[in-house]
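Report on the following structure.
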Amino acid sequence: MEREERYLELYLDRCTAQDDLAPPGLPLLSPVAPYDVYIYNSSHPEAVFNPHLEEVKETSGGFSSVDLSFLPDELTQENKDQTVLRSKGEDEENCKTQSPQSKLLLSSQQDVGLGSNSSSSSNSHSRLHPGDADSVQHSPEKPDTLPLGSIAPMTPMAPVSEGSEFVPQLQNIVSTANLACKLDLKKIALHAKNAEYNPKRFAAVIMRIREPRTTALIFSSGKMVCTGAKSEEQSRLAARKYARVVQKLGFPARFLDFKIQNMVGSCDVRFPIRLEGLVLTHQQFSSYEPELFPGLIYRMVKPRIVLLIFVSGKVVLTGKF
Amino acid sequence: MPGGGRCPDCGSTELVEDAHYTQSQLVCSDCGCVVTEGVLTTTFSDEGNLREVAYSRSTGENEQVSRSQQRGLRRVRDLCRVLQLPSTFEETAVAYYQKAYQHPGIRAARLQKKEVLVGCCVLITCRQHNWPLTMGTICTLLYADLDMFSGTYMQIVKLLGLDVPSLCLADLVKTYCSSFKLFQASPSLPAKYMEDKEKMLSRTLQLVELADETWLVTGRHPLPVITAAAFLAWQSLQPSARLTCSLARFCKLANVDLPYPASSRLQELLAVLLRMAEQLAWLQVLKLDKRSVVKHISDLLQHRHTLIRKAFREGTLEVEAPEKELQGRGPRQGQGKEEVGNSASELPEGKRPASPALLLPPCMLKPPKRVCPAPPASTVTGDENISDSEIEQYLRTPQEVRDFLRAQAAGQAATSSPNPP
């Protein structure tokens, strides 16, 4: 516990020096609840950031997540390299919304510049840890002013590996690919068992495969949209399978320009959230209209993710590439 | 027609402005006599029939504005007048409409959308001035449906980059409750149902605050909560006479629509009150139920802060339990912190006595409909080999193709042939 506090101070000193966006008045977290998730690599000082900027209400289970994008580049790179290495062996399944982005954007990672105000800086990081991600933290913060919100005991967030129950689960991935040849949709619908084609309703063939369980829209131009996969790799595999089916039907299909377009993940933080308080403190990013929709729509700036936050603590994360 | 003109021929006051070959004339609609012709030279008697020229017509400003936009601006002004808004609101709403109109997406939108846009501008203006106008009211006035309205509203807020504050609950309570027809005697209203407006307003406000503290308002449409709170307030002011009146009847008497969720809000509010009642010594012995608790609402409201604190405790982990309960923490305690981690949320409730209960939104108190198991860890790399047999399972054999074609032809023949007599 003391070690974590020391790291916390270490981190805080570093932060206040470099990051003038972080307001001095951020509530300091004092580790309260014992935390029986395994502490990963606490020798790595950067790893202990998590507790700080987010008033995490999670007492157990823990959020992995170390989003270090707000740190200067050299620190970020260093940690990213380490974690990338580590995450190779980890369960890719738990690689959430952020991971492809983070890996892809590694080189172009700009820094901190959250470009938004201080409260967003503390809250708009998805605590990213390639390997787990959970961009959920910021939602429940209640600023010191609102007694309603309740400042939860801040537990030191040690990044937790996969297996923790609070990691966002990917629910859906939408990707596109180009088969690079003109297709005869009628012929496809005739010769494939798993295809449906109703030109009056929609100008594409709807094809489904069982493993990975996905659906594809195949257009006569040769472009294809693949939806329903639970991970990027599954989406790629599924798209290749669709391309193979089209190939076997006699078309010179290739597999080009595979691109993930959108990813949707969901998560449960297990505690209720005062949406009306959240919209007050994060007005520039939140949109909460209870007359229209029960959830709060939070448009995070960095990374560019949209979160649907509900009062029950369930959070849906989605982001377009 | 205003203006007090009379037709010199038949003396009728029904004078209509008409444009004859682009020259505007004032014509009597009864006998057809042309009263004025808009000529430069007029006789003294003719001058009495002249109309005032509005400023907006005498300047050229309207020529730069398209007719569609002019129509929209007129609608904005009309809507503001119908809602009896202060005049400053009108100008702001008009400015928003003009700003929105500069965007090509709005200029090219359908008329239906432009109509709804009128409502959006007025709504945004009201919200920014904390004037409690609900979307439902505007949709009713514009005969628009809420889906169309919500889409346009979200779009315009994003487009104009506006910060629209939330609906002010307290003001909404005041305006909504004032619209209830219970404050004056009327033939349809039994004497015992009439109520004093101030008393009812203050009690409704207190009940709505109570609902807000106990998670009944977050994420829900505000109006049904207020209806339920108003009903309880009204009942509790004279329980003996009013307990027999149902929520639906109350709304009918008050000449107010009963929103569908109001009855479930009512049940939730009563449940909260019952739990609070368990903390009051003199009520514990009474073994209250949902009907009898209404009689004691005034007591409960008087001590509501203490009662909430005592009746609702945060759910605590076994580990933390001793420390937390010993600490006499402030009002924050009871209001929404349930450190539920470890999925132990169900445990404390079952193991604890009737009080304290967990203070959670109702959606969290209900058991989950279905447990979604975490998907099994997948080791897919995306580049695996795809076996032929796997792909072939999705293809039809030639025989199957022929059968399919035959079946399709037969199906089409059946649908296209006329029914046998």
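Chains P and W, in that order, are what the protein sequence lines are.
186 is the number that our numbering gives to position 201 of the first sequence; each next residue is one higher, with no gaps.
Numbers given in our numbering equal positions in the second sequence, counted from 1, plus 62.
Note that beta-carbon positions come from the ideal geometry of N, C-alpha and C, so glycine has one too.
With DSSP as the reference, identify every bridge partner of residue i, one or two as the case may be.
| i | result |
| --- | --- |
| PHE374 of chain W | W:ALA419 |
| LEU292 of chain P | P:TYR283 and P:LEU302 |
| GLY250 of chain P | P:LEU155 and P:LEU302 |
| VAL89 of chain W | W:VAL78 and W:VAL96 |
| LYS208 of chain P | P:ASN163 |
| ALA189 of chain P | P:PHE204 |
| LEU244 of chain W | Paired residues: none, contrary to the question. |
| LEU457 of chain W | P:ALA177 |
| ILE448 of chain W | Paired residue(s): none; ILE448 of chain W is not in a bridge. |
| THR199 of chain P | P:ILE194 |
| TYR215 of chain W | In DSSP, TYR215 of chain W forms no bridge with anything. |
Comparing C-alpha positions only, which one of the options sits nearest to residue i?
| i | options | result |
| --- | --- | --- |
| SER212 of chain W | W:LEU350, W:GLU152, W:VAL180 and W:PHE242 | W:VAL180 |
| SER250 of chain W | W:THR214, W:CYS313, W:THR276 and W:LYS372 | W:CYS313 |
| LEU263 of chain W | W:SER248, W:SER241 and W:PRO252 | W:SER241 |
| CYS306 of chain W | W:LYS357, W:LEU350 and W:VAL279 | According to the sequence shown, residue 306 of chain W is Thr rather than Cys. Of W:LYS357, W:LEU350 and W:VAL279, the residue nearest in Cα terms is W:LYS357. |
| THR212 of chain P | P:ALA162, P:PHE270 and P:LEU234 | P:ALA162 |
| LEU263 of chain P | P:LEU175, P:VAL286 and P:VAL296 | P:VAL296 |
| CYS239 of chain W | W:ILE288, W:CYS434 and W:ARG371 | W:ILE288 |
| PRO257 of chain P | W:PRO424, W:THR154, W:ALA157 and W:VAL78 | W:PRO424 |
| VAL355 of chain W | W:ALA472, W:SER302 and W:PRO438 | W:SER302 |
| VAL226 of chain W | P:GLN268, P:ARG(-12) and P:PHE278 | P:GLN268 |
| LYS261 of chain W | W:GLN470, W:SER326 and W:LEU294 | W:LEU294 |
| ALA188 of chain P | P:SER271, P:LEU170 and P:LEU260 | P:LEU170 |
| SER326 of chain W | W:LEU285, W:TRP344 and W:VAL347 | W:LEU285 |
| PHE270 of chain P | P:ARG289, P:ARG225 and P:LEU168 | P:ARG289 |
| ARG225 of chain P | P:THR200, P:SER206 and P:SER205 | P:THR200 |
Using beta-carbon positions only, say whether residue i and residue j come within less than 8 Å of one another.
| i | j | result |
| --- | --- | --- |
| LEU202 of chain P | ILE194 of chain P | no |
| GLU76 of chain W | CYS95 of chain W | no |
| ALA214 of chain P | ILE294 of chain P | no |
| ALA373 of chain W | GLN341 of chain W | yes |
| LEU244 of chain W | TRP193 of chain W | no |
| SER308 of chain W | SER360 of chain W | no |
| LEU302 of chain P | PRO153 of chain P | yes |
| SER160 of chain P | SER220 of chain P | yes |
| VAL235 of chain W | LEU203 of chain W | no |
| LEU498 of chain W | MET338 of chain W | The first residue shown for chain W is 63 and the last is 483, placing residue 498 of chain W beyond what the model contains. |
| GLU177 of chain W | ALA206 of chain W | yes |
| LEU155 of chain P | MET285 of chain P | no |
| ALA292 of chain W | LEU331 of chain W | no |
| VAL254 of chain P | ILE453 of chain W | no |
| ALA162 of chain W | LEU221 of chain W | yes |
| LEU164 of chain P | ALA228 of chain P | yes |
| TYR273 of chain P | SER228 of chain W | yes |
| ARG139 of chain W | PRO279 of chain P | no |
| LEU350 of chain W | LEU369 of chain W | no |
| TYR456 of chain W | LYS185 of chain P | no |
Quick check on DSSP: helix, strand or coil for residue i?
| i | result |
| --- | --- |
| GLU152 of chain W | helix |
| GLY473 of chain W | helix |
| VAL184 of chain W | helix |
| ASP242 of chain P | strand |
| GLY198 of chain W | helix |
| ARG(-12) of chain P | helix |
| MET142 of chain P | Any reading at MET142 of chain P must be qualified, since the residue scores a pLDDT of 48, below 50, and its modelled position is unreliable; no value is offered. |
| ALA214 of chain P | strand |
| TYR182 of chain P | strand |
| GLN122 of chain P | Confidence at GLN122 of chain P is low in this model, with a pLDDT of 42, below 50, so its placement is unreliable and the value that follows should be read with caution. Looking at GLN122 of chain P - three-state DSSP - the assignment turns out to be coil, as it is neither helix nor strand. |
| SER272 of chain P | strand |
| ASP140 of chain W | helix |
| ARG71 of chain P | Low confidence applies to ARG71 of chain P: its pLDDT is 45, below 50, so where it sits in the model is not reliable, and the reading given next is rough at best. Correct three-state label for ARG71 of chain P: helix. |
What residues from chain A crowd round residue i, counting only those whose CB sits closer than 8 Å?
| i | result |
| --- | --- |
| VAL230 of chain P | Any reference to chain A falls outside this structure, whose protein chains are P and W. |
Worksheet item: What are the residues of the region 344 to 377 of chain W that lie near chain P, defined by any Cβ-Cβ distance shorter than 7 Å?
Response: none
Discussion item. Output needed in chain order: residues of the region 201 to 218 of chain P with a Cβ under 8 Å from some Cβ in chain W.
Written reply: Per Cβ criterion, the list reads LYS215, SER216, GLU217 and GLU218.
Fill in: Residues of the region 416 to 431 of chain W with Cβ closer than 7 Å to any Cβ of chain P, in chain order
LEU422, PRO423, CYS425 and MET426
Worksheet item: Listed in chain order, which residues of the region 271 to 300 of chain W have Cβ atoms closer than 9 Å to some Cβ of chain P?
Response: ASP274, GLU275, TRP277, VAL279, THR280, GLY281, ARG282, HIS283, PRO284 and LEU285
Practice prompt. Taking only beta carbons into account, state which residues of the region 245 to 267 of chain P come closer than 7 Å to chain W, listed in chain order.
Written response: ARG255, PHE256, PRO257, ARG259, LEU260, GLU261 and VAL264
Worksheet item: What are the residues of the region 437 to 455 of chain W that lie near chain P, defined by any Cβ-Cβ distance shorter than 9 Å?
Response: Only those residues of the region 437 to 455 of chain W whose C-beta falls short of 9 Å from the nearest C-beta of chain P are listed: PRO437, PRO438, ALA439, SER440, THR441, VAL442, THR443, GLY444, ASP445, GLU446, ILE448, ASP450, GLU452, ILE453, GLU454 and GLN455.
Worksheet item: Using a Cβ cut-off of 8 Å, which residues of the region 185 to 217 of chain W contact any Cβ in chain P, in chain order?
Response: THR196, MET197, GLY198, LEU208, SER212, TYR215 and MET216
Practice prompt. May I ask you to list, following chain order, the residues of the region 146 to 179 of chain P that have a beta carbon less than 7 Å from some beta carbon of chain W?
Written response: GLN154, LEU175, HIS176, ALA177, LYS178 and ASN179
Item to complete: Using a Cβ-Cβ cut-off of less than 9 Å, list which residues of the region 149 to 178 of chain W approach chain P; keep chain order.
Response: none
Discussion item. For the region 266 to 282 of chain P, list every residue whose C-beta sits within 9 Å of some C-beta in chain W, in sequence order.
Written reply: GLN268, GLN269, SER272, TYR273, GLU274, PRO275, GLU276, LEU277, PHE278, PRO279, GLY280, LEU281 and ILE282
Practice prompt. Please name the residues in the region 283 to 301 of chain P whose beta-carbon is closer than 8 Å to at least one beta-carbon of chain W, in chain order.
Written response: Listed in sequence order: PHE295, VAL296, SER297 and GLY298.
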